[in-house]
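In our numbering, the protein residues as written are 3 to 311.
Reading through the structure tokens given below for one structure.
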Amino acid sequence: DTVRMNYSAGGDNADSIAVAIFRGLSKGAAKGVRVRAVTLVGAGDWSNVSNLVSVVGYPSSPRLNKVASGTIGGSYFKVDFLLPSDTGDGENLTVAIDDYWVEMSNTSAFTPGDETRSFEVTPAGAVMSYSTSRALSDSLTFAKIYYFRVQAANAIGRSPFSQTIAQKLIGLPGAPTSPLVRTTGPLQINVSFALPANLGAGNGQFHPLLGFQVAYSNLSGAPVLARAGTFIHWVPASAAGTVVPWAVVSASLLPGVVYRVSVRAKNAASDLEGWGPWSETATGVCSDGVVRPAVCGVAGITALTLPTA
Numbered sequence: 003d004t005v006r007m008n009y010s011a012g013g014d015n016a017d018s019i020a021v022a023i024f025r026g027l028s029k030g031a032a033k034g035v036r037v038r039a040v041t042l043v044g045a046g047d048w049s050n051v052s053n054l055v056s057v058v059g060y061p062s063s064p065r066l067n068k069v070a071s072g073t074i075g076g077s078y079f080k081v082d083f084l085l086p087s088d089t090g091d092g093e094n095l096t097v098a099i100d101d102y103w104v105e106m107s108n109t110s111a112f113t114p115g116d117e118t119r120s121f122e123v124t125p126a127g128a129v130m131s132y133s134t135s136r137a138l139s140d141s142l143t144f145a146k147i148y149y150f151r152v153q154a155a156n157a158i159g160r161s162p163f164s165q166t167i168a169q170k171l172i173g174l175p176g177a178p179t180s181p182l183v184r185t186t187g188p189l190q191i192n193v194s195f196a197l198p199a200n201l202g203a204g205n206g207q208f209h210p211l212l213g214f215q216v217a218y219s220n221l222s223g224a225p226v227l228a229r230a231g232t233f234i235h236w237v238p239a240s241a242a243g244t245v246v247p248w249a250v251v252s253a254s255l256l257p258g259v260v261y262r263v264s265v266r267a268k269n270a271a272s273d274l275e276g277w278g279p280w281s282e283t284a285t286g287v288c289s290d291g292v293v294r295p296a297v298c299g300v301a302g303i304t305a306l307t308l309p310t311a
């Protein structure tokens, strides 16, 4: 695999330093170089072969994995992205990435100037996570959408940009309200509740929830996740944004026993994995086999609907 190139010194200056550029080489291939002079009389001897050097180019684009936001300690964004599949030498992945550049902008066009900020990130593994400084908090607008993309850089230069991800600056949801516990059959308790007034983007502002946790216990006091005797169930929020009050059906429920129930909501905020505070505690007695009267619509079940955008 030999590439030859004729190079003209362009003058008679014996002190000139010749620079030759080879193009079209394969990334990752180890190449050595030797040189000989050619005059009208003929060609001289070849020089010694240089040390082998790997052919390096620009890295490929990193890939944004996730962008999340939070407000605890000040507003910020957390940006997760993946290492480029090509760091500059093809699939060998032996070329070091010197740094990454995360861009954040008010516009999807990433208009230069005050609307776009660029942050240098030091490499730290195949999956990178970068959080913007809380010092930027005063310059960020709550519930506003920001746009993100990332580049990788090696000794040759910067890669193309990754794909763009848009993310609204949100916080944690509030606590669900008005929890009710009723029985609708043997070994069954039915839990209904109202959605939080704040879904993460401010009171009355729409933002999708991921779901809810319902904790129930037959012990005194509010259910606590870490304590023995507390059971947890996940209630997903549907894509349409409708949540049906949820019935716990479990052989572990004891008839005639008082159960205490709390509910909390989850969104995509970075803080506390998106979990909002627990609701107040509601209590109810598990059925002893006698079907109780309906209290929340047909058979004790009422549909709860998220506010529309």
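For each residue, glycine too, the CB sits at the ideal point set by N, CA and C.
Note that the structure is predicted; figures quoted are calculated from it, not measured.
- Annotation: residue 58 to residue 207 spans about 50 angstroms, alpha carbon to alpha carbon.
- Between the C-alpha atoms of residue 271 and residue 110 there is a straight-line separation of about 21 angstroms.
- Note on geometry: alpha-carbon atoms of residue 70 and residue 166 lie some 14 angstroms from one another.
- Between the alpha carbons of residue 211 and residue 178 lies a gap of roughly 12 angstroms.
- For residue 194, DSSP records a beta bridge to 182.
- Classified as buried, residue 280 has 16 or more neighbouring CB atoms from the shown chains inside 10 Å of its CB.
- In the three-state scheme derived from DSSP, where H, G and I count as helix and E and B as strand, residue 66 is classed as strand.
- Pairing residue 273 with residue 147 gives a Cβ-Cβ distance that is not under 7 angstroms.
- Here the C-alpha atom of residue 282 lies approximately 48 angstroms from the C-alpha atom of residue 63.
- Contact between the region 115-130 and the region 96-105 is established, with three or more Cβ pairs separated by less than 8 angstroms.
- At a Cβ-Cβ threshold of 7 angstroms, residue 61 and residue 86 count as neighbours.
- Taking all protein chains shown into account, residue 175 has 16 or more neighbouring C-beta atoms within 10 Å of its C-beta and is therefore buried.
- For residue 282, there is no enclosing beta strand (DSSP E), as DSSP marks it with neither H nor E.
- By the Cβ-count criterion, residue 259 is exposed, with fewer than 16 other Cβ atoms from all chains shown falling within 10 Å of its own Cβ.
- Excluding five sequence positions before and after residue 97, the CB atoms of its chain that fall closer than 6 angstroms to its own CB belong to 58, 89, 90, 91, 156, given in chain order.
- In this structure, residue 139 keeps its C-beta atom at 7 angstroms or more from the C-beta atom of residue 180.
- Taking C-beta atoms as the reference points, residue 145 and residue 199 fail to come closer than 7 angstroms.
- Within the same chain, 217, 218, 219, 221, 225, 226 come within 8 angstroms of residue 232 by CB-CB distance, once the 5 residues on both sides are set aside.
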